[in-house]
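Notes follow the structure.
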Ligand code: SF4
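In this note's numbering, the protein residues as written are 89 to 473.
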């Protein structure tokens, strides 16, 4: 069946409306909570949870639609919003009785989340999945492997049966397809940004944190097919790279505000969803393949130190490969890793004389007028310089 232009737009609008609803959904459906394994950002080996038949559930905070009331009594006001609002979602029962909770020691705030969760929701058996301090050590893959095997054993106990290598390999296949589809989406953003807006790409990726990957793969396949046939009018806007959205997520309105005047041709939004940059080998020991991919074939973020991926060089590569003329260097309020990087990146961009704008955000922001003025002024200087 051939679709005309209007049909294609209508079909895309429908998919994006579904993604929007899924992305902003705060509540786990009551029939899903008992099989949901909640995990705190940035990256988590979802494949092992998927292979156990459970639902990996990325905890991405409460956005700007919830009021933090109960969590104020359990967590300091100087901690980033994602920790506070995630705790609120637990306390106000939005997350129901999840089957498990995992945090990782990516920063001081996140590493205390398992303790906070343990005090408040001990029945969810909160755990820390440890990460190697030195990913460049020859022992790093083995270390990650042992942690992943520990995760596998915990999940096996929850489901009352062993999780086989074949099941994990099958999950690697599902996730490899998901990675390929996400890479295709980002290629459109980079090569033909008039065809796919950043908000649309973001919603399409974020929807995957709420449904099983098989459904997400089907959704992305359908969206990519429609995008390829979308009739577009090329627009002329400055091309920028956005960084700072690796953990706490900026409000959707902030991405819209930037996108009104610039093309965001690459970013680190939800980088944990795209952490592994190539296919994970589907032969041999699947847990080893996953651990090795975490170390050897992975993205970069301020919460992982890797001497092979200096942060400044990573940004330079992003700018070059995305043919971007400028950068927006952002960080969530109270986010130590993000703010540390912001300084280093800003210095490097100054040295290279690459225009950049520094912005701070908080997921609970609701007013964007001032930011819009800053971004507009920045875009005008790029256009008329
Ligand atoms: S937003 Fe920053 S400080 Fe907060 S949990 Fe994430 S990495 Fe840590």
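All residues carry an ideal CB built from backbone N, CA and C; glycine is no exception.
7 Å Cβ cutoff met for residue i and residue j
{"i": "residue 39", "j": "residue 297", "result": "Past the edges of the chain, shown from 89 to 473, lies residue 39, and the structure says nothing about it."}
{"i": "residue 329", "j": "residue 217", "result": "no"}
{"i": "residue 133", "j": "residue 236", "result": "yes"}
{"i": "residue 351", "j": "residue 319", "result": "no"}
{"i": "residue 125", "j": "residue 183", "result": "no"}
{"i": "residue 266", "j": "residue 305", "result": "yes"}
{"i": "residue 418", "j": "residue 437", "result": "no"}
{"i": "residue 367", "j": "residue 410", "result": "no"}
{"i": "residue 187", "j": "residue 246", "result": "yes"}
{"i": "residue 470", "j": "residue 420", "result": "no"}
{"i": "residue 374", "j": "residue 257", "result": "yes"}
{"i": "residue 425", "j": "residue 195", "result": "yes"}
{"i": "residue 262", "j": "residue 317", "result": "no"}
{"i": "residue 364", "j": "residue 229", "result": "no"}
{"i": "residue 206", "j": "residue 193", "result": "no"}
{"i": "residue 123", "j": "residue 259", "result": "no"}
{"i": "residue 111", "j": "residue 289", "result": "no"}
{"i": "residue 397", "j": "residue 389", "result": "no"}
{"i": "residue 311", "j": "residue 103", "result": "yes"}
{"i": "residue 377", "j": "residue 251", "result": "no"}
Selection from the options that minimises the alpha carbon distance to residue i
{"i": "residue 283", "options": "301, 322 and 396", "result": "322"}
{"i": "residue 332", "options": "427, 277 and 247", "result": "427"}
{"i": "residue 231", "options": "220, 387 and 261", "result": "220"}
{"i": "residue 334", "options": "170, 126 and 91", "result": "170"}
{"i": "residue 105", "options": "435, 300, 287 and 403", "result": "287"}
{"i": "residue 151", "options": "268, 360 and 338", "result": "338"}
{"i": "residue 160", "options": "262, 177 and 98", "result": "177"}
{"i": "residue 380", "options": "93, 225, 214 and 268", "result": "225"}
{"i": "residue 120", "options": "111, 141, 100 and 107", "result": "141"}
{"i": "residue 189", "options": "175, 195 and 180", "result": "175"}
{"i": "residue 309", "options": "462, 93, 271 and 472", "result": "271"}
{"i": "residue 439", "options": "467, 473, 424 and 404", "result": "404"}
{"i": "residue 95", "options": "139, 315, 394 and 341", "result": "315"}
{"i": "residue 434", "options": "450, 416 and 262", "result": "416"}
{"i": "residue 468", "options": "451, 281, 233 and 444", "result": "444"}
{"i": "residue 455", "options": "340, 303 and 191", "result": "340"}
{"i": "residue 148", "options": "397, 248 and 173", "result": "173"}
{"i": "residue 153", "options": "113, 252 and 324", "result": "113"}
{"i": "residue 461", "options": "395, 389 and 348", "result": "348"}
{"i": "residue 179", "options": "204, 324, 399 and 243", "result": "204"}
{"i": "residue 299", "options": "108, 102, 442 and 253", "result": "108"}
{"i": "residue 130", "options": "377, 396, 362 and 376", "result": "362"}
{"i": "residue 451", "options": "138, 208, 156 and 281", "result": "156"}
{"i": "residue 269", "options": "238, 279, 101 and 307", "result": "307"}
{"i": "residue 281", "options": "394, 429, 412 and 93", "result": "412"}
{"i": "residue 101", "options": "264, 285, 158 and 249", "result": "285"}
{"i": "residue 291", "options": "212, 449, 358 and 393", "result": "358"}
Classification of residue i by the beta-carbon crowding that lies within 10 angstroms, buried from 16 upward
{"i": "residue 401", "result": "exposed"}
{"i": "residue 210", "result": "exposed"}
{"i": "residue 185", "result": "exposed"}
{"i": "residue 198", "result": "buried"}
{"i": "residue 293", "result": "buried"}
{"i": "residue 38", "result": "For the chain, the structure presents residues 89 to 473; residue 38 sits outside this window and is missing."}
{"i": "residue 391", "result": "buried"}
{"i": "residue 227", "result": "exposed"}
{"i": "residue 342", "result": "buried"}
{"i": "residue 458", "result": "exposed"}
{"i": "residue 356", "result": "buried"}
{"i": "residue 128", "result": "buried"}
{"i": "residue 118", "result": "exposed"}
{"i": "residue 166", "result": "exposed"}
{"i": "residue 240", "result": "buried"}
{"i": "residue 253", "result": "exposed"}
{"i": "residue 164", "result": "exposed"}
{"i": "residue 371", "result": "exposed"}
{"i": "residue 181", "result": "exposed"}
{"i": "residue 98", "result": "exposed"}
{"i": "residue 466", "result": "buried"}
{"i": "residue 431", "result": "exposed"}
{"i": "residue 324", "result": "exposed"}
{"i": "residue 360", "result": "buried"}
{"i": "residue 472", "result": "exposed"}
Discussion item. Ignoring anything shorter than 4 residues, give me the alpha helix (DSSP H) runs that lie fully in the segment 147 to 201, in order along the chain.
Written reply: 169 to 179 and 196 to 199
Worksheet entry | Ranges of the alpha helix (DSSP H) found wholly within the segment 211 to 290, counting only runs of at least 4 | 228 to 247 and 253 to 279
Item to complete: Please list the segments of the alpha helix (DSSP H) lying wholly inside the segment 325 to 398, counting only runs of 4 or more residues, in order along the chain.
Response: 340 to 347 and 374 to 384
Fill in: Runs of alpha helix (DSSP H) lying entirely within the segment 407 to 465, each at least 4 residues, in chain order
424 to 440
Worksheet item: Along the chain, which unbroken stretches of the alpha helix (DSSP H) at least 4 residues long are found entirely within the segment 291 to 324?
Response: 301 to 317
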